[in-house]
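Numbering (my numbering), first residue to last: 415 to 564.
Here you go:
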């Protein structure tokens, strides 16, 4: 949580070229010198299409192991999200896949844990985010690593 203090006097608060970084709660206090002062809290919501960043676009893991794939996104309003395999199959929470999301304001961390990897799990995965202003996708390639058992 970022807390900052900026005092502006007058009837208006003008924010030029508003951006997602300006999203916050603003407090307006009206006072004429006679108590009590009156205040009003205003929430500024900036809407924008999803933006996705994939920290690791190429991930290697051994058969039989578990692996976690991750996408980081920003969007407002909050997006609908999904994970899709290269064959177009939408992935859901079950014994094989554990999907988690953590949201911090307009930022979301999407993760999918794939358990007990088999050869059919290797390939491309897509994270998808969609809101009323658009959609964006990120791609991750999962490849098999050889394990050496002497």
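No residue lacks a Cβ here, since even glycine has one placed at the ideal position from N, Cα and C.
Worksheet entry | Between the CA atoms of residue 537 and residue 427 - distance to the nearest angstrom | 51 Å
Worksheet item: With distances taken between CB atoms, is the gap from residue 552 to residue 485 smaller than 9 Å?
Response: yes
Fill in: Bridge partner(s) assigned by DSSP for residue 449
For residue 449, no pairing in a beta bridge is given by DSSP.
Worksheet item: Pick from 450, 512, 465 and 521: whose alpha carbon is nearest that of residue 529?
Response: The shortest C-alpha separation from residue 529 is found at 512.
Worksheet item: Which one or two residues does DSSP pair with residue 454 in a beta bridge?
Response: 442
Practice prompt. Give the DSSP-derived three-state secondary structure of residue 523 in the structure shown.
Written response: strand
Worksheet entry | Best match in 494, 449 and 448 for proximity to residue 463 [C-alpha to C-alpha] | 494
Worksheet item: What is the rounded straight-line gap between the Cα of residue 451 and the Cα of residue 441?
Response: Per the coordinates, the alpha-carbon of residue 451 lies some 12 Å from the alpha-carbon of residue 441.
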